[in-house]
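What follows is a single structure, written as structure tokens, with notes after it.
Numbering (the UniProt record's numbering), first residue to last: 1 to 330.
This is the structure in structure tokens:
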């Protein structure tokens, strides 16, 4: 019987899985990325017969068909996609182990993903706390959008994330991630001190069309949160004059150019303290979100990741543990 055919109805055996090598596991990822067994074999420096044999061994070990041949080369079956979701975490952990041991293996490495605003307020205080305790790990920090960070975490490229979530997002991630809530945040509308809205109170959504606006690009978490109240009230959201993903660039340009922008309150605090910008006093504040610490649910967190979590919880608790609320000036 053909091994691949037998694999369709076979039961996965631990002894067969134990005989697999790391390159067996990488095969699925390479086919998913490159679209064919031939291309995967070239990356692995294997001949076509050798890569075919490797696939047969992989499917026999897992007891199901993992790759479907197509006229264009090959694609993962549904079972292959489910297997790769798990295996990417394993492959990421293997790669992380190699990276951690490459230099200063005595100090643990934490691959941290974060939103840029975290590096201005929360992370520096957590780093200072861990350094004072003598337990600061090596940090490999990656900045990205919320969606980008979540994808990197699920692919095993990160050990943890510090980011912002809305309530609905937290519900969707609950099955695949461990979420530690650090504190609540809200989204603030910000203007230059000389903007016509700077001195007004009780500002409605319709007043915000005065602009001009600097906004994050479409598809980002903040842009979605900003546009939703307009759509819910039957209005078209303002069209930005400038699109930029950097909160800090946006706030600096707002201060210098008489613009409006939107930013989490934590990003705003530094600029407002120096009187560079003013928070627009809205009649109804934009939705609140949560600053959270996220780790994969599929694997146990290393001790260094747990220590980073504890430090972040401690420093955000110093903020009072209360939701950040819009300031109302009278």
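Positions of the beta carbon are idealized from the N, C-alpha and C atoms, including for glycine.
*CA nearest to the CA of residue 44, picked from 30, 57, 56, 53*: 30
_On the DSSP letters alone, give me the boundaries of the alpha helix (DSSP H) that residue 248 sits inside._
247 to 257
*asked:* Can you tell me whether residue 49 is helix, strand or coil according to DSSP?
replied: helix
_Under 8 Å between C-beta atoms of residue 188 and residue 263_ = yes
*asked:* Let's see if you can read the secondary structure: which residues bound the alpha helix (DSSP H) around residue 270?
replied: 265 to 273
_Collapsed DSSP secondary structure at residue 293 in the structure displayed_ = Of the three classes helix, strand and coil, the one that applies to residue 293 here is strand, per DSSP.
*Go ahead and label residue 309 buried or exposed: buried means 16 or more other beta carbons lie within 10 angstroms of its beta carbon, across all protein chains shown.*
So residue 309 ends up on the buried side.
*Would you report the Cα separation of residue 176 and residue 88, rounded to the nearest angstrom?*
13 Å
*Let me know if residue 221 comes out buried or exposed under the rule of 16 or more other beta-carbons within 10 Å of its beta-carbon.*
buried
*Proximal residues to residue 139 (C-beta, below 7 Å), its chain only, five neighbours per side dropped*: By the criterion of a C-beta distance shorter than 7 Å, residue 139 is surrounded in its chain by 110, 112, once the five residues flanking it on both sides are discounted.
*What first and last residue would you give for the alpha helix (DSSP H) that runs through residue 206?*
Here residue 206 belongs to no alpha helix (DSSP H), and DSSP marks it neither H nor E.
*Exposure of residue 231, with buried meaning 16 or more beta-carbon neighbours within 10 Å*: exposed
*asked:* Rounded to whole angstroms, what is the Cα-Cα separation between residue 137 and residue 247?
replied: 28 Å
*Report yes if the C-beta distance between residue 60 and residue 27 is below 8 Å; otherwise report no.*
no
*Quick one: residues in its chain with C-beta nearer than 7 Å to the C-beta of residue 271, no 5 flanking neighbours on either side, listed in chain order?*
251, 255, 277
*Could you pull out every residue in the same chain whose Cβ sits closer than 8 Å to the Cβ of residue 303, ignoring the five residues on either side in sequence?*
108
*For the beta strand (DSSP E) that residue 184 lies in, which residues bound it at each end?*
177 to 191
*Hey, out of 318, 259, 317, 294, whose CA is closest to residue 243's CA?*
259
*Please work out which residues of its chain come closer than 6 Å, Cβ to Cβ, to residue 311, disregarding the five sequence neighbours upstream and downstream, and give them in chain order.*
126, 129, 130
*Candidates 47, 282, 57: closest to residue 17 by CA position*: Closest option to residue 17, Cα to Cα, is 57.
_Less than 8 Å between the C-beta atoms of residue 417 and residue 116, yes or no?_
Here the chain covers residues 1 to 330 and nothing more, so residue 417 does not appear.
*Excluding the 5 residues preceding and the 5 following residue 240 in the sequence, name in chain order all residues of the same chain whose CB lies nearer than 7 Å to its CB.*
Setting aside the 5 residues that flank it on each side, residue 240 is surrounded in the same chain by 213, 214, 215, each with a C-beta closer than 7 Å to its C-beta; the list follows chain order.
*Taking Cβ positions, are residue 229 and residue 293 nearer each other than 8 Å?*
no
*Give me whichever residues DSSP pairs with residue 222 in a beta bridge.*
DSSP, once it has assigned bridges, lists no residue as partnering residue 222.
*Kindly list the residues whose CB is nearer than 7 Å to the CB of residue 24, restricted to its own chain and excluding five residues on each side of it in sequence; keep chain order.*
Within its own chain, the residues whose Cβ lies closer than 7 Å to the Cβ of residue 24, once the five positions on either side in sequence are excluded, are 54, 57, 58, listed in chain order.
*Considering only residues of the same chain and omitting the five flanking positions on each side of residue 47, which have a CB-CB separation below 8 Å?*
41
*If we call anything under 8 Å between Cβ atoms a contact, is residue 178 one with residue 291?*
no
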